[in-house]
Structure formats: structure tokens, C-alpha cells
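The listed protein sequences derive, respectively, from chains C and P. Just so you know, we're using my numbering here: the first sequence kicks off at 37 and counts up by one. Just so you know, we're using my numbering here: the second sequence kicks off at 372 and counts up by one. Quick notes on the structure that follows.
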Amino acid sequence: MNKTLLTGNEAGAWGGRLARADVIPAFPITPQTELIEAMAQWIADGEMDTEYVQMESEHSVMSAAIGAEASGARVFTATSSQGLLLMEEMMYIASGMRLPIVMVNVSRGLSSPITLWADQNDVLAQRDAGWLQYHCMNNQEVLDTVIQAYKIAENKKVLLPVIINMDGFVLSYTREPTQVPEQKEVDRFLPKYEPTHAVLDPEKPESMGIVVLGEYMRFREQHHLAAENAQKVTKDVEKEFAKRFGRKYSAVEWYGDRDADNVLVTTNSMSTSAIAAVGKNQAVMRIRMLRPFPVKEISKMLEGARNVGVVDRDVAPGEGGIIYPEIRSALFDSRKKPRICSYIAGLGGRPVSKQHFEHMFKKVTKPKDEWIY
Amino acid sequence: MTEIKTIKDIPEEDFLTGGHSACKGCPGTLGLKLALRVLGKNTIVVNASGCLTLLALYPHTPLRVPWIHNAIENAGATATGIYRAYKRKKRDVNILCYDGDGATYDIGLQSLSGACERMDKFVYICYNNEAYGNTGMQKSSASPYGAKTSTTPPGKENPIGKTSQRKDMEAIMAAHEGTYVATASLAFPVDYARKVQKAKEHDGPSFIDLQAPCPTGWAFDPSKTIEVARAAVMTGVWPLFEIENGKTTLNVKLGKLKPVEEYLNMQTRFKHLSKKETENIQESVNKKWEKLLKDSGE
């Protein structure tokens, strides 16, 4: 099939359509609206068969997603920013119940003051919600990752919900040539969801979301181990995906000279500008899988570098970049530690261009924390 | 199922077993037990955080039907999810939301309203003990005027307790076109069971407000739950009626209302009230009763 021009929103919608989601609870928020509108139009035109329901808030979206997934349905939804935060209470409940819901988040900075444009403070606020997180660089990756996400989430060793992240506007409203896989190919890759661990069925009554006393900690440990299992499961799924569809992805991706001394660590759409800026003795390391955190891959890849700059499109006031301390921590056991610094850039959609990355590559030879304007 | 006209028409199979952890004389469990007898095996229960969330305590459950506790404010939305999933499977199932008044009148109102507007099919029963019972009787918007609750305690500056009227939830629910609305009382089990059956068969959302006199919170002997419930109906404090397609029907007609003191004096919630305040409550009950008679064409 030839490539078509798709926005990030359309690519996300195609992912949910090709995965044959049974139930799609939705609520509009800029810059995600086009995604749920595209689906509504497909349903109206008879091109997509699903149970689509517009809810009255994002909190209710996640609540309905839980009800539907707990009834054995495959669920898809999408949100952004304030909407993701309104869902937060239910995010923990969804993952605690081990419900493999798949959701696209279209990253947008948080109010106040209001911004409509990209940064990752929204999705990183859900870092510890017990969901898996995959952060995408382009629209093709968004579409492909939605399909992969179901296969990872529904794996019996995982059974956890997944967020697929893309940047608002930069991807969500930008058209890129994107390959839409054939439905029958996706069907072969992704079989029907048939849960046995958590289903509300009068034929086999069980109680969900109930009170535990001393056993609470055991449940949390199981949750953690399941997320850890996703490291290997993700690798297997990416391998099978590459075999079937010819597109390769991995938890951490490297662009540039493998032995480069100077490395910038990025996530999401700004990675494309970073890659464009790579010169001699320079490289970009992009984190695609943020949860579970691929510590081994990161430490292995960065071990040979001399200078590392971690570019965060987010900030934890009073701490700094959110991903930066995670990278530092991943390097703690390395035999040969690089020098490392933090760059904060692009908050609220402030452009981060190739020139900005050239500047960072220049400065990283003498690593010093900096806000990039 | 035959129409429920007498107590003998109520099925006898129970889906809430004994040995659970609710208080003695708990009206919530009585109401749940009866509702499940009517709805039967093919039912999924959605519970919002409250007293009855403690029924299922890992690894035990007294429930013989599927049960999901999601959070406190989202029973309506959870019901939507279950309903849509089963619709997709082309399989019929009864969905019972069984939730307290805090979860219904206050924090879950938006979610319930949304589900009614969407015309999702579910039976919503509010077991209404007129306060946040599980956390120690803080006021809710179902708490009546003059009630002493742990967050509206009477004192020197405020001798009344709760100074505002309870929310008219039935009017709010009736404003959702297509929703079947009723009040119910444990002292009138046949009327209650008939309403649950009607709700089950109604093609759309249903809302039943079941008054749940709470021995622990209202401080009366646990053997008196039904007596207190009866007094609420006979004094006109908790009239039994239903609203269908905008038409109100009074289910228990009373020639003359008993004085409200007969109900108020059975509990400690109103012990602090002056004679004048009791008269105010009587006046308010009379006024609402007159309106109900008018609305129902009695």
C-alpha cells in the first residue's frame, strides 16, 4: 500500500481502527479533537464498526474505559493535557485492575498560564501511574505503536494499560507521509482480545476493585513485576512487528556515530530536529519506551560517551528536568561514566530547531545545565 | 417474571449471602439483597465508594454476582462502559449501580447525569442514609434541614445543624427525558421490588432513591430500621412516588400525615431542635406534600 498524508491525530485514529477496538469512550480536548472526530466520521460513514460513546468528562472517559475493558472489551481512547490530569485518579485504578486499555496522549503543556502547545509535563505527571509509556517521534510511529501497544498490553505476562504519546500540533496537526497497514495484516499480528483474568460476567462472578488489608503490598509488587516483564515483551513484539511490517523500533534508539563523544538524549518529536543537527563525533539517543524504563540499554549505550546532555521538554519546579535524573541514575553502575548536564527546552510548544540542537551540541563539550530559549 | 403484587411474587433466591461485614440492621444490605432477588443472576453490580464497598474484602466476597468498585464519583460512567461492552457483544445483562447518597447526590451527580442523557440502560439505586456513613456521618446534599451531622454539628452559634434543605434529586433525575424515577422505602418492600422490576424492564436508565435509615449513624436500635423507614413515609418526610414520562404517581396515599415528631424523635439527629424548628420542618413537609398531591393529580 502506498503512503498517504496523515496528521498525527489521524494516524492515532487509524491505530485504534486497525486494532479493532470494541469500545471507544471519548471526550474532546485541543489538540486531540481531530482524532476522535476522525473516528466519529468513519463510524457515520459505515467504515468502522465499534461502540463509540462520547462521555461528559475525561474522568468519565477513563471510568467507562475501565467498565468496558473489565467486561472483556478491547478499549481505545485519546486525550491531552488537562484531560489526562482529570483522568489521573482512574489511571491508577485501571492499571491496578490490570486492564490493558490503550490510550493516545497528545502532549500539551499544563495550565496555568494556559498553553495549547506541546510539552511533556502532562504525560510525565502519569509516569508512576503504573501504565506503560511509549513516546513517538513521528506519525508513522504513532500508528504502528498503537497496534504494538495492544499486543504488549494484552500479553498475559504484562496485562497493563499503555499510553502512546505524541506532541500536540507538531505531530497531531502536521501531515506526514504514513503507511497504513492492511487490515488483514494487522488481524494476523493482533488476535482478538480474550481475557481470563478480569471479566465481569454473570456466568463466572468475581469482585473487582475491592478492599485488601495486608496483601496490598503483594499486589503492588506483582504490578511492578508485570511492568518489568514488559521490557522483554516489548522487544519480542517490536521484532515480530518488524518482520511483518518492515519497520523497526526499539526501546532506545541511537542516531549518529556509535562511538560519538558528545550525545544528546531526547524524546518525542523534537528528536527529529536533534537528529538533523548531528555532526561529527556527535549522536542522539532517543528514549522511546519511558515505562518500563530501559535502564540496561541506556547505560550500555551511554557508557562510551564523554559528554551527555539530557533535553527535557518538561520541568519539575524545584528539581529540574524530569527525565534528566532518571538518565543520571541509569548511569550510576556504569564503569565509565560520562559527564552529564540538563537542558530544558521547548516548554509550551516553544520551537526547538536544528539550530538550538547545534547550540546544545557545542555547549555539551563543557556540560553545564541550561534553559534553552 | 410475573408482575410483583404481593410479597410472594418476589423471587427467593439470594445473591447476597450472610456473614458479611455490614453493621447490624444495615438498610443498605437489605435493599441490595431485595434488589438482587428481583434482578436475578444475570446482573453486574457497580458500587461507588461507601459503606457497602466493605462487603467484598479480599479474598472473601458475600456476592454471588459480578461486582466492581471503581471509585466514588463514577458509577454512571462505569455503567456506561459495561453497557456498551455488552451491547457490542450483543448480550443482555442487568446493570445495577448500588451507591450511597454522597456518591449520588454530590460527587457522582455529573457522571450519573451523563449516563442518563446518553440513555444507557442501567438500574441506579441510591441507598440513601442522608450522610457520608462510611466516613462517620458527615453531611451530604441529601442530609435534611436541621440534621446534626459530624460536619454540621449544632452549637451556640448555630443551634440548627444543617441549615439548608436537601437536594431535590427526584426533580433533577426527572429532568432527564426517558429516565424512570422513583422513591422507595424498606418498609414497603413490595412497592420497592415492583419498582426494581419496572426499572429492569425499562428501556433506558432508571433511578430509585431508597431511603436507608441507618441505625449506626442516626442512633436508633438496629431492630428498628423498618419502623423508622415506615415513620418517614407515614409522616410525609419520605413520600413514595414515581415519575414516568413527566407524569408523577403517588404510590402510598395517606389521608392525613402523622406529625413529623413521630419520625424525628426516633433518632438523635434532630434531638437538639427547638419547638420552632420542628414546626418549620412540619411546615416544609406539608408544603412539599401539597405540591406532590397537585403534581400527581390526587
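Beta carbons are placed, not taken as given, at the ideal position from N, Cα and C, and that holds for glycine. Only a predicted model underlies this, so the values are computations on that prediction, with no experimental measurement involved.
Within 10 Å of its beta-carbon, does T617/P have 16 or more other beta-carbons around it, so buried, or fewer, so exposed? For this step, residue 617/P is matched to residue 246 along the second sequence. Per the sequence shown, the amino acid found at residue 617/P is Gly instead of Thr. Burial call: exposed.
CA-to-CA distance, G549/P to T417/C, given in whole angstroms: Lying outside 37 to 409, the shown extent of chain C, residue 417/C is not represented and no answer is given.
Mind checking who K533/P pairs with in its DSSP beta bridge? Here residue 533/P is taken as the residue at index 162 of the second sequence, counted from 1. None, per the DSSP bridge assignment.
Give me the Cα-Cα distance between Y204/C and T151/C, rounded to the nearest whole angstrom. For the purposes of this step, residue 204/C is taken as the residue at position 168 of the first sequence. For the purposes of this step, residue 151/C is taken as the residue at position 115 of the first sequence. The question names Tyr, but residue 204/C is Gly in the sequence shown. Each residue's alpha carbon lies about 11 Å from the other.
Quick one: which chain P residues come within Cβ less than 7 Å of G245/C? What you label residue 245/C is simply residue 209 of the first sequence in a count that begins at 1. By Cβ distance, chain P contributes I439, H440, N441.
Quick one: list the residues of chain P neighbouring H233/C, beta-carbon separation under 9 Å, in chain order. As a working mapping, residue 233/C is identified with position 197 in the first sequence. Simply none; closest approach about 14 Å.
Would you mind telling me which residues of chain C sit closer than 7 Å to I415/P, beta carbon to beta carbon, in chain order? The residue you call residue 415/P lines up with position 44 of the second sequence. Within chain C, the residues near I415/P are L236, P238.
When the cut-off is 7 Å and only beta carbons count, does V656/P lie next to chain C? Position 285 of the second sequence holds residue 656/P. Not one chain C Cβ lies under 7 Å of V656/P.
By a C-beta neighbour count over all protein chains shown, 10 Å radius and 16 as the cutoff for buried, is H431/P buried or exposed? Translated into positions along the second sequence, residue 431/P becomes position 60. H431/P comes out exposed.
Which value, in whole angstroms, describes the spacing of the CA atoms of R349/C and Q184/C? Here residue 349/C corresponds to residue number 313 of the first sequence, with the count starting at 1. Here residue 184/C corresponds to residue number 148 of the first sequence, with the count starting at 1. About 25 Å.
Rounded to whole angstroms, how far is the Cβ of W609/P from the Cβ of Q653/P, which I believe are closer than 8 Å? Stepping through the second sequence from its first residue, residue 609/P is reached at position 238. Stepping through the second sequence from its first residue, residue 653/P is reached at position 282. Wrong, their Cβ atoms sit about 15 Å apart, outside the cutoff.
Give a yes or no on whether 7 Å exceeds the smallest Cβ distance from G1/C to chain P. Any question about residue 1/C goes unanswered here, given that chain C covers just 37 to 409.
What are the boundary residues of the alpha helix (DSSP H) that includes E394/C? Taking the first residue of the first sequence as 1, we reach residue 394/C at position 358. E394/C -> alpha helix (DSSP H) spans 390 to 399.
Close-in-space but distant-in-sequence residues of the same chain around S309/C (CB under 8 Å, 5 per side omitted): Within the first sequence, the letter at position 273 stands for residue 309/C. Result list for S309/C: V388, S389, K390, H392, F393, in chain order.
Using a Cβ cut-off of 7 Å, which residues of the region 458 to 483 of chain P contact any Cβ in chain C, in chain order? K458, R459, V464, Q481, S482
Per DSSP, what kind of secondary structure is Y429/P in: helix, strand or coil? As a first step, residue 429/P is located in the second sequence; it is residue number 58 there, counting from the start. Coil, per DSSP.
Other residues of its chain near A313/C: CB distance less than 7 Å, five sequence neighbours each side excluded: Here residue 313/C is taken as the residue at index 277 of the first sequence, counted from 1. Taken in chain order, the residues that qualify are K390, F393, E394, F397.
By the criterion of Cβ-Cβ separation under 9 Å, what are the contact partners of T432/P in chain C? For the purposes of this step, residue 432/P is taken as the residue at position 61 of the second sequence. Those are P241, E242, S243, I246, listed as they occur along chain C.
If you drop the 5 nearest sequence neighbours on each side, which residues of the same chain put their C-beta closer than 8 Å to that of T534/P? The residue you call residue 534/P lines up with position 163 of the second sequence. So the list reads Y516, T523, once near-sequence residues are dropped.
Taking Cβ-Cβ distances shorter than 7 Å, what residues in chain P pair up with S424/C? Because chain C spans 37 through 409 in this model, residue 424/C falls outside it and cannot be assessed.
When the Cα of L426/P is compared with those of Y498/P, S645/P, A393/P, which residue comes out closest? In the second sequence, the residue the question calls residue 426/P occupies position 55. If we check each option's Cα against that of L426/P, A393/P comes out closest.
Would you mind reading off the limits of the alpha helix (DSSP H) that contains N201/C? Taking the first sequence and counting its residues from 1, the one referred to as residue 201/C is at position 165. Note, N201/C: premise wrong, no alpha helix (DSSP H); beta strand (DSSP E) at 198 to 203.
So which of Q536/P, Y551/P, G588/P has the shortest CA-CA distance to Q509/P? In the second sequence, the residue the question calls residue 509/P occupies position 138. Here the closest residue by C-alpha is G588/P.
Sorted by chain position, which residues of the same chain lie with C-beta nearer than 6 Å to L483/P's C-beta, five sequence neighbours on each side aside? Within the second sequence, numbered from 1, the residue matching residue 483/P stands at position 112. Once the five neighbours on either side are set aside, the close Cβ partners of L483/P are G447.
In three-state terms, what does DSSP make of T308/C? In the first sequence, the residue the question calls residue 308/C occupies position 272. Correct three-state label for T308/C: helix.
Which one or two residues does DSSP pair with M544/P in a beta bridge? The sequence position of residue 544/P within the second sequence is 173, counting from 1. None; M544/P has no bridge partner.
Taking the Cβ atom as the reference point for each residue, do S99/C and N418/P lie within a distance shorter than 7 Å? The residue you call residue 99/C lines up with position 63 of the first sequence. The residue you call residue 418/P lines up with position 47 of the second sequence. It is not a contact, given that the beta carbons lie outside the stated cut-off.
Around the Cβ of N304/C, are there at least 16 other Cβ atoms within 10 angstroms (buried) or fewer (exposed)? Here residue 304/C corresponds to residue number 268 of the first sequence, with the count starting at 1. So N304/C counts as buried.
Give the secondary structure of V567/P by DSSP, where H, G and I count as helix, E and B as strand, and everything else as coil. Reading the second sequence from its first residue, position 196 is the one you call residue 567/P. In the structure shown, V567/P sits in a helix (DSSP, three-state: H, G or I).
Straight-line gap, I246/C to P64/C (C-alpha atoms, nearest Å): For the purposes of this step, residue 246/C is identified with residue 210 of the first sequence, where counting begins at 1. For the purposes of this step, residue 64/C is identified with residue 28 of the first sequence, where counting begins at 1. If you take the alpha carbons of I246/C and P64/C, they lie about 31 Å apart.
For the region 399 to 425 of chain P, list every residue whose C-beta sits within 7 Å of some C-beta in chain C, in sequence order. K412, N413, T414, I415, T424, L425
Taking three-plus beta-carbon pairs below 8 Å as touching, is the region 318 to 336 of chain C in contact with the region 285 to 298 of chain C? yes
Whether or not the region 397 to 405 of chain P and the region 202 to 222 of chain C are in contact is what I'm after, with contact meaning three or more pairs of Cβ atoms, one per stretch, closer than 8 Å; do they touch? no
Check for me: the beta strand (DSSP E) holding I614/P runs from which residue to which? In the second sequence, the residue the question calls residue 614/P occupies position 243. First-last of the beta strand (DSSP E) with I614/P: 612 to 615.
Please confirm if the region 129 to 141 of chain C is in contact with the region 223 to 236 of chain C, defined as three or more CB-CB distances below 8 Å between the two stretches. yes
Short check: CB of F386/P to CB of V436/P, under 7 Å? Within the second sequence, the letter at position 15 stands for residue 386/P. Within the second sequence, the letter at position 65 stands for residue 436/P. Yes, they are a contact pair.
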